[in-house]
Amino acid sequence: MTIAIGTDIVEIERIYQVYQRQGEKLVNRVLTPSEQERFYSMINDDVRMAYLAKRWCAKEAVSKAMGTGIAKGLGFQDIEVTNSESGAPQVILSKSAQIKLNALGAQKILISLSDERHYAIAFCQLV
141 MTIAIGTDIV
151 EIERIYQVYQ
161 RQGEKLVNRV
171 LTPSEQERFY
181 SMINDDVRMA
191 YLAKRWCAKE
201 AVSKAMGTGI
211 AKGLGFQDIE
221 VTNSESGAPQ
231 VILSKSAQIK
241 LNALGAQKIL
251 ISLSDERHYA
261 IAFCQLV
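To convert, take the position in the sequence shown, counting from 1, and add 140; that gives our numbering.
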């Protein structure tokens, strides 16, 4: 049973512009340490910016589904996006975020990520 949904879309160029101004500060704020490791291992800026934009969208979508938004109870560091063995995205929450998820009556988060040349999008479902 679906408890809540959340979605977010961002222009990848906008993320790139913020990255040009803030650099590592943005990466440290948005990405968890393991996400940062993957980010820095990527071959070029285009691939890195799409990755960063998708993580941004995913975390925004999750926070919207949980009814808080980023900075109003959940932070970027409370939400980590990894990939299963098959490559599907999956969400790992901090302990405090997991408690909030369970308080909503949800057990897990389903997430879908996509990007096209100019945009990244995420859709999340709390079940």
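Each residue gets a CB set at the ideal place from its N, CA and C atoms; glycine is no exception.
Whole-Å CB distance - residue i paired with residue j, under 8 Å assumed
i	j	result
V231	I251	5 Å
F179	L171	6 Å
A243	A205	At roughly 13 Å, the Cβ-Cβ gap does not stay under 8 Å, so A243 and A205 are not in contact.
Under the three-state DSSP convention, the category residue i falls into
i	result
L266	strand
A228	coil
L253	strand
L214	strand
N-terminal and C-terminal residue of the alpha helix (DSSP H) that residue i is part of
i	result
S236	235-243
A205	185-205
Boundaries (first-last residue) of the beta strand (DSSP E) holding residue i
i	result
I155	Unbroken run through I155 is the alpha helix (DSSP H), 152-162; no beta strand (DSSP E).
I219	219-223
Where residue i falls, given that 16 or more other Cβ within 10 Å makes a residue buried
i	result
A228	exposed
Q226	It is worth fixing the name first, because residue 226 is Ser in this sequence and not Gln. Exposed, since its Cβ has fewer than 16 Cβ neighbours within 10 Å.
K235	exposed
I183	exposed
A211	exposed
Euclidean distance between Cα positions of residue i and residue j
i	j	result
G146	T222	18 Å
G213	K199	13 Å
M141	R161	42 Å
R154	R169	16 Å
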